[in-house]
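Heads up: the protein sequence lines correspond to chains A and B, in order. 1455 is the number of the first residue of the first sequence in my numbering; add one for each residue after it. 111 is the number of the first residue of the second sequence in my numbering; add one for each residue after it. Every residue, glycine too, gets a C-beta built ideally from N, C-alpha and C. Accompanying notes for the structure given below.
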Amino acid sequence: MKKTSVPIYGTKEQTQALLDWLEENREMPGVALPALQKAQEIYGYVPREVQQIIADFLNKPLTEIYGVATFYSQFNLEPKGRNRISVCLGTACYIKGSNRIYQLLQEKLGVEDGGCTADGRFSLDACRCLGCCGMAPVMMVNDDVYGNLTGEELDAILAKYQ
Amino acid sequence: MKNVNVNTVDMVNIKINGIACRAPAGSTILDAAHSAGIAIPTLCYLKELNSIGACRMCVVEVKGVKNLVASCVYPIAEGMEIWTNTERVQSSRRTNLKLILSIHNQTCLTCNRSGVCELQRLCREYGVDNQMAFEGEKIDYQPDESAVHMVRDNSKCIMCRRCEAVCSLAQGVSCIGSSGRGFATHIGPSFDAPLNTTQCIHCGQCIIACPTGALYEKDNTSEVWNAINSPDKYVIVQTAPSVRAGLGEMFSLPLGTNVEGKMVAALRRMGFDGVFDTDFAADLTIMEEASEFLRRVQDGGSLPLITSCCPGWVKFCETFFPDFIPNLSTCKSPQQMFGAMAKTYYAQKLGIDPQKLFVVSVMPCTAKKFEITREDECGAGAGIPDVDVALTTRELGAMIRRAGLLFEELPEEEFDSALGIATGAGHIFGASGGVMEAALRTAAELLTGKELKSVEFTEVRGAHGIKEATYEIAGREIRVCALSGTQNARRVLEDIRSGKRRYDFIEIMACPGGCVNGGGQPLQPSVVRNFRSVSAVRARALYQEDSNMPLRKSHLNPLIREVYQSFLEKPGSETAHHLLHTTYVNRSGQP
C-alpha cells in the first residue's frame, strides 16, 4: 500500500472546511461516501489522516471508511503532484512500447504506479487511450500531449515542469 | 426474557421436500428446514451476526420463483413449497465450491484446520474432487504473523465475512474489515496495516468464527515440548476453568462434557512436573478483588469497580475507554496471579530457583498470549515473566494427540494439591457472570460477617449479553452488572458516561457468553453454532461442578487461608500488592 512518503499536506483551513461540512451533514444517511467525496474535493486526495478525521467525527471505525474509499475507483489515496503525468497503456501505445516509457518514468521519478514524488512535483498514472493512436506511444503532462516517444526526450520534457 | 409460546406466534404451513410442516411466520427457510430436521449447508451465515446471502451454498428451489434463493435470508410464507436438495441445487453448490477452490490456497495437508474445515467438509460431501476445475488468476497473499496471538492468512480466506461481522457487531472493535473491489476485495486492517499495530483486542472471536484456515492461533506448543524435554527446567501447568468444559469436544465427546479428571491425567502423562488448577488463583483473585471492592465502597474509591480478569476486555478498555482505567480492578488475572505465586511462594517451598521454573498455562483464550507479554507482570523479579507460555484449549488438544494418549481411555485424576485446591467459586469464573457471583459470595460474607443462606446469585447467570441485579448487602444497595461481548461493554460504558446507568460493580468478559466461548476453545462449525448456544451448554458443566462442591466460597478455600497466613499476610498487603496487582496503559492513541 505504501507508494509515497509524502506527509499529508493539509492546511488548517482545509481541515476546518471538512469539519464544517461534516457538522452540517452528520445526519445524512450513508454519509461516509459523500464525506469522502467532499474530502477529496478539499484535499485532492483522501490519505489515512483525512479518513481518520471522518471516522472520528462520525464515530465510525476506520475500517468502514477505508472500505468505502477503496471500493470506489474515484478516490485517490495517494496525493497527486503539481504536475500529473499519464502514460497511455492502451493497445496501440502498448504495442509501440509505452510500457517501457512507463517503466523509465517510474525509475526517473522514483515512484511506483499511481505514486507521487516526495517533493510533490510529479505524480504518475497509467491511462487508457488518449485518442491519438497515430502518435503512439503517447503521454500527457497536465494538458500537454507528447507523442512518438522514444524515451530519450523524457528528461527534457520533465525539465519543463516545476 | 419471556419464553416464546408457539401458540401465540403466527404459524404458517409450508412444504419442504414434499413434506408438510409448520413454522413460525417470518422465519427463514434455513431455520424452518432445520426445525423440520433438514440441514442446509452454509458458509457465510452466522446467526444474528452475518446474514448476507453471499456464499450461495444455502441456495434452494422455491416453487414459482425462477432463480435459486438463499435460504439464510429468504423468509417463508403460507403455502410455500421448497426443495432443498434437487440436482439443480446440488449442481449450483458444486459450481460455487469449485469457484472458491479456484482461488484457494489448497495446502490442506499441512493446514491447521484440516479435519475441522467447513470448506473441506462441504467439498467432500458434494464430491468436489477436481481442485482446479476453473484455473485462473490468483492473488499471492502472504500471511500476517505480526500479532503475538494469531495469524491471518488471506490465501485461505473465502470472503464469507464472518470474522468482520463478529469483530464489529459482537465485539465493537472493527479492527478488520473488507477493502478493495471485485477480485481484489480482501479482509484486513485498514491500509493493510500489520495486525499488531491495530486496535485488535486479541479476543480470537474471529478465529472461532472462521470456516477455514484463514485465521488461527499462534502455535506455541513446541516451546512447551522443549521445556518438558529440558532436564534443567521444572515445568508446571495450570488450566483455566473453561478448558475442562471444552477440551472433550476435540475427542468427540458431547458438547458440555466436563473432562477435568482425564485432562489432569493427560497433562501428567505428557510430562509436566506439576499439574495445577488456575481456579486456585481464581479464588485468590476473588480474595483480592472482593477486598478491593469493599475498600472502594468504604473509602469512596472509584466506582463502579470493573473486573480485570479478561485481557481482551482490559485492552478494549485501555484502547477505547481509557477514562475507565481508574475503575479497572488493579488485580492481575488468575493466570498471572497463579504464575506470580508459583515463581515465589511455590518456588520457595520447593527450594528451586524461579528462573528454572517454567509455567505453562492452558487457557480458552488467545488474548492470554498477549497478557503474558504485558509489562508489570513479573512478580518474581524483572525478566522473570509470571507465565512463560500460554496455550489455547485447541493447542492442548493437539499436544495430547501428539503425545499418543487415548484421551477417552485415560483414568480420572486429581490436580496436585500444592496449588490445585479450588472452590466452586473458582470454577464458575469461566462463564459470564461467574466472577461477579464468586466475588459477591465472598464480599457479602466479609461485609456482614455472617454466613450466606443461599450462595447462588442466579440473576447474573445465563448467556444474555447484559445482566443486571441489585443486592442488599449489610444494609447497602449494591447495583451489579455482568456483561459479555465488548460491543455490550461499549453500550453500557457509554450509558454510564451519559448517566443513564449506574452500577457499583461490573463484570466484563470480552467473549460473548464468557470464557467458555473463548477464542481459544475448540472449534464448532456454524451448523452447530447457528442452532445451539455453545456457551450455555459449556457453562452448564461449570455450574454443575460448582453445585457439587462442598466448598463454594473462595475465602473458605483452605489453601487460600494457608497462603495468606504463611506468605501474603492479608488481602491488599504489601506483598499481595507487589505480586498480585498490576497497572494499565492508556492506548487510545493507537490507530
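Counted within 10 angstroms of its Cβ, other Cβ atoms place residue i as buried (16 or more) or exposed
i        : result
I588(B)  : buried
M111(B)  : For M111(B), the predicted structure reports a pLDDT of 40, less than 50, and the residue's modelled location is therefore unreliable. The matter cannot be settled from this model.
G609(B)  : exposed
S664(B)  : buried
Y1497(A) : buried
T476(B)  : buried
Q446(B)  : buried
P185(B)  : exposed
D250(B)  : exposed
F430(B)  : buried
F567(B)  : buried
F1576(A) : buried
A1493(A) : buried
M705(B)  : Outside the displayed range of chain B (111 to 701) lies residue 705(B), so it cannot be described from this structure.
E1518(A) : buried
P681(B)  : buried
L219(B)  : exposed
Beta-carbon spacing of residue i, residue j below 8 Å
i        : j        : result
I396(B)  : T558(B)  : no
I1539(A) : L1516(A) : no
V570(B)  : A592(B)  : yes
S352(B)  : C625(B)  : yes
V637(B)  : A149(B)  : yes
I435(B)  : R271(B)  : no
A599(B)  : I311(B)  : no
H537(B)  : L652(B)  : yes
G534(B)  : L661(B)  : yes
E171(B)  : T196(B)  : yes
E522(B)  : G371(B)  : yes
I1507(A) : L1490(A) : no
A337(B)  : D263(B)  : no
R697(B)  : E428(B)  : yes
L229(B)  : I210(B)  : yes
M473(B)  : G630(B)  : yes
L520(B)  : A350(B)  : no
D383(B)  : A532(B)  : no
D496(B)  : G489(B)  : yes
D614(B)  : V407(B)  : yes
Under 7 Å by beta carbon: chain B residues contacting residue i
i        : result
P1533(A) : The contacting residues do not exist; P1533(A) stays about 15 Å from chain B at best.
Neighbourhood of residue i by C-beta, 7 Å cutoff - its chain only, sequence neighbours within 5 removed
i        : result
R611(B)  : V602, D605
H687(B)  : none
A275(B)  : L156, L159, N160
K328(B)  : V258, H259, M260, V261, K479
A280(B)  : L159, Q315, G595, Q597, P622
V1595(A) : N1537, I1539, I1611, Y1615
Q241(B)  : L211, Q216
R204(B)  : Y236, V238
Q1505(A) : L1516, I1519, Y1520, A1523
Contact list for residue i against chain A, beta-carbon separation under 9 Å
i       : result
I286(B) : T1517
S278(B) : P1515, T1517, E1518
Partners in chain A for residue i, counting only beta-carbon separations shorter than 8 Å
i       : result
R291(B) : T1524, F1525, Y1526, S1527
Same chain, Cβ closer than 6 Å to residue i, neighbours up to 5 away in sequence not counted
i       : result
A89(B)  : There is simply no residue 89(B) to check, as chain B begins at 111 and stops at 701 in what is shown.
T693(B) : D486
A549(B) : I396, E399, A400
L678(B) : T685, A686
R354(B) : N368, V369, E370, M373
E617(B) : T417, V545, M546, A592
Cβ shell of residue i (< 8 Å), same chain only, five flanking positions each side left out
i       : result
P632(B) : G356, L357, E359, M360, T503, R504, G507
L404(B) : A553, L556, L557
T152(B) : L140, C165, M167, C168, C182, S636, V637, N640
E245(B) : S212
The segment 1516–1528 of chain A: positions lying closer than 7 Å to chain B by Cβ: L1516, T1517, E1518, Y1520, G1521, T1524, F1525
Residues of the segment 1500–1511 of chain A whose Cβ lies closer than 7 Å to any Cβ of chain B, in chain order: R1502
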